[in-house]
Amino acid sequence: AARMMAVPNTARGVWLLLLLLPLSIATAPVKSVQYVDIVEDSWEDFTCDYDADLDSPGIRELALFLLDNCSATVPSPIPADPEKSSAAIIYLGDITGRNKNYRKIFGTESDGPFFNDQHRTASQVLHLRSGDLGSEARRISVSAGPQANGKCLVCAQSRENYAYSETRRARVRTLRRPSVWLSVNRTKLNPSDALQVRQNDSLTVSCNVAGNGTLSARLLRDGV
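Encoded structure:
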């Protein structure tokens, strides 16, 4: 104990760092994978919101990337070849709006949003719903279809030197359309079946559903 107290302050600082370092690594948070669930033959909305707090240079650029898988990284800067660009939709910022390569990809009129029609798969799996542009806020809203299954949607904002900061990442997952049927007295009825009962007879009527995800059913009688 006497020897430990005699160690200089700098040495004690080294020992303290070595003791705390494994603890900080062990307690580092792990990001969970988010999913966008799409029922087959339908489309699901996906939105990227601009966060002014992350944009200290004031570039005000927002982009939506379509990656083949969620382990891939967002390229910075965006490739000049539109076919190789994973940026599906983009709002050009104050700096990138003057970049000739970006204009080559996304057009020359206003600052967006621009849909990259030359993206390999973007037009097949995404529909641009809206792009709200205001003095303080901007937003990109798309609908993703079943063909986007397994792909990754990434929202990002531009910062210095054409680099990007991610704000949202989610994997698209296609679910089979759930099935629903009506049972009376535990007998399954088809939509075309007619059931005759006598007045004052007791019936047990139930809704049944099967499929992936969280499902619910409603039983309607005469629209109520």
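Positions -26 to -1, 1 to 198 (mature numbering (1 follows the signal peptide of the UniProt record, and there is no 0)) are the ones given, in order, by the sequence shown. Cβ atoms here follow ideal geometry from the backbone N, Cα and C, with glycine treated the same way.
Taking 7 Å as the limit between beta carbons, can you name the residues of its chain near residue i, skipping five residues before and five after?
i	result
S59	I52, P53, I79, N90, H93
N159	L177, T178
D42	K125
P120	I12, E14, D15, T148
V198	none
C44	V7, C126, R143, R145
D25	Q131, T141
Under 8 Å by Cβ, that's how I've got residue i and residue j pegged, so tell me the actual separation to the nearest angstrom.
i	j	result
I114	Y65	7 Å
Among the options, which one has its Cα closest to the Cα of residue i?
i	options	result
A96	T21, L127, G185, Y138	L127
K125	R133, R142, V146, E134	V146
P49	A122, L189, E140	E140
C22	A111, Q98, G67, R77	A111
G105	A118, F88, L163	F88
D55	S84, L189, W155, K74	K74
residue 216	G67, A191, Q121, T161	What the structure shows of the chain is the stretch from -26 to 198, and residue 216 is not part of that stretch, so it cannot be assessed.
I69	Q98, L189, N135, D27	N135
Is the Cβ-Cβ distance between residue i and residue j less than 8 Å?
i	j	result
residue 199	R151	Nothing about residue 199 can be reported from this structure: the residues present for the chain run from -26 to 198 only.
G185	S153	yes
F20	V10	yes
A130	Y138	yes
R103	D29	no
A62	L100	yes
N182	S157	yes
Suppose the cutoff is 8 Å on Cβ atoms and the five residues either side in sequence are ignored; what does the same chain contact list for residue i look like?
i	result
L194	none
residue 210	The chain is shown from -26 up to 198; residue 210 falls before or after that span and cannot be answered.
residue 199	Only positions -26 to 198 of the chain appear in this structure, which leaves residue 199 out of reach.
S190	V183
Beta-carbon within less than 6 Å of residue i's beta-carbon, same chain only, minus the 5 sequence neighbours each way: which residues are those?
i	result
S(-3)	The predicted position of S(-3) is uncertain, since its pLDDT is 29 and thus under 50; a value taken from the coordinates is nonetheless stated next. Nothing listed; no residue qualifies.
R142	C129
A168	none
L163	L156
S180	S157
The region 25 to 41 / the region 173 to 181 touching (three or more Cβ pairs under 8 Å): no
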